[in-house]
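>
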Amino acid sequence: DLSRRVAALEARPAGGGDTTALAASVAALAQKLASVAQAGQDATRRLARIEAARAALDAGQPLGVIPGAPPALTRYATAAPPTEASLREGFDAAADVALKASRPPEPAGLPARLLQRAEALLTVRVAGRVVAGPPAAVPLDEARRRLDSGDPAGALAALAPLDAAATRAMAPWAGAAAALLAARAALNAMATGGATGT
218 DLSRRVAALE ARPAGGGDTT ALAASVAALA QKLASVAQAG QDATRRLARI
268 EAARAALDAG QPLGVIPGAP PALTRYATAA PPTEASLREG FDAAADVALK
318 ASRPPEPAGL PARLLQRAEA LLTVRVAGRV VAGPPAAVPL DEARRRLDSG
368 DPAGALAALA PLDAAATRAM APWAGAAAAL LAARAALNAM ATGGATGT
């Protein structure tokens, strides 16, 4: 008899029998769960798309269309982005042009001209670092070392002391490096839910 009474109490809905409010509450909860599940699926798809774009960026492949992507990424939807490998490959040629562009005008006296030419021809390295040579040699050497160590942002920073002529000569290379860094930053911001419109 006691077991029958407990079973009857367990079967009876809470609230004394008014099931309309309970049914509405259960339906609302089910709808919330469905929307949370959908949001989770959308977030998973978005992260998967961002990771695919990151892999394409590292490989130098077009990223494809990424919904809500900022200009730093949309510019590579169909065009191949620069890579660290391409930056390393193109650095020496750009640096040679920058070295030639940074030569100061020849001084008036013969001894001063000879000294300037000797400095332009000779580059002194100590422990693998340039310590004397053309004015642009030291920052270019530092940029090369940072680039070789996998630090394109540091390489760009190392170019800051270049004179105007050398900076102009390095502009195409520096632009490609800055574009790669901007695309990486944009992907990181999208992955962490940051603003995507800028």
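The numbering of the sequence shown is our numbering, which starts it at 218 and goes up by one. Beta carbons: idealized from backbone N, C-alpha and C, even for Gly.
Starting from Ser303, trace the alpha helix (DSSP H) in both directions and tell me its first and last residue.
As a working note, residue 303 is residue 86 in the sequence shown. Taken as a continuous stretch (DSSP letters only), the alpha helix (DSSP H) holding Ser303 covers Glu301 to Ala318.
> Within 6 Å: the Cβ of Leu379 and any heavy atom of the ligand MN?
Within the structure as shown, the ligand MN is missing, as the structure has no ligands at all.
> Leaving out five residues before and five after Ala224 in sequence, what residues of the same chain have Cβ atoms less than 7 Å from its Cβ?
Locating residue 224 in the sequence shown gives position 7, where the first residue counts as 1. Hits under 7 Å: none found.
> Indicate whether Gly277 and Ala297 have their beta-carbon atoms separated by less than 7 Å.
Against the sequence shown, residue 277 aligns to sequence position 60. Against the sequence shown, residue 297 aligns to sequence position 80. Yes, they are a contact pair.
> Using the Cα positions of Thr415 and Pro287, report the straight-line distance between them to the nearest angstrom.
The residue you call residue 415 lines up with position 198 of the sequence shown. The residue you call residue 287 lines up with position 70 of the sequence shown. A caution first: Thr415 carries a pLDDT of 36, below 50, which makes its placement in the model unreliable, though a value can still be read off. Approximately 5 Å between the Cα atoms of the pair.
> Would Leu364 pass as a contact of Phe308 if the rule is Cβ separation under 7 Å?
In the sequence shown, counting from the first residue as 1, residue 364 sits at position 147. In the sequence shown, counting from the first residue as 1, residue 308 sits at position 91. Yes. Within cutoff.
> Which residues in the same chain as Leu404 place their Cβ atom closer than 8 Å to its Cβ, once the five residues preceding and following it in sequence are excluded?
Sequence index remark: in the sequence shown, residue 404 carries index 187 (1-based). Closer than 8 Å at Cβ, skipping near neighbours: Ile267, Ala270, Arg271, Leu274 and Leu290.
> Taking Cβ to Cβ, would you say Ala360 is nearer than 7 Å to Ala383?
Locating residue 360 in the sequence shown gives position 143, counting from the first residue. Locating residue 383 in the sequence shown gives position 166, counting from the first residue. No.
> Give me the Cα-Cα distance between Thr237 and Val253, rounded to the nearest whole angstrom.
In the sequence shown, the residue the question calls residue 237 occupies position 20. In the sequence shown, the residue the question calls residue 253 occupies position 36. Roughly 24 Å separates the two Cα atoms.
> If you draw a straight line from the alpha carbon of Thr413 to that of Leu264, how long is it in whole angstroms?
If you number the sequence shown from 1, residue 413 lands on position 196. If you number the sequence shown from 1, residue 264 lands on position 47. Summary for Thr413: the model assigns pLDDT 42, below 50, so the residue's position carries little reliability, and this model does not support an answer.
> Among the residues of its own chain, which have a CB less than 7 Å from the CB of Ala395, if the five just before and after it don't count?
By 1-based counting over the sequence shown, the position of residue 395 is 178. If we look at Ala395 and ignore the five residues flanking it on each side, its Cβ neighbours are Leu373.
> Which class does Gly277 belong to by DSSP, given the choice of helix, strand or coil?
Translated into positions along the sequence shown, residue 277 becomes position 60. If DSSP states are grouped into helix, strand and coil, Gly277 belongs with coil.
> Using the beta-carbon count (16 or more within 10 Å), is Leu327 buried or exposed?
Here the question's residue 327 lines up with position 110 in the sequence shown. It is exposed - the Cβ of Leu327 has fewer than 16 other Cβ atoms within 10 Å.
> Do you know how far the Cα of Ser366 is from the Cα of Ala312?
As a position in the sequence shown, residue 312 is number 95, starting the count at 1. As a position in the sequence shown, residue 366 is number 149, starting the count at 1. So the two alpha carbons sit approximately 17 Å from each other.
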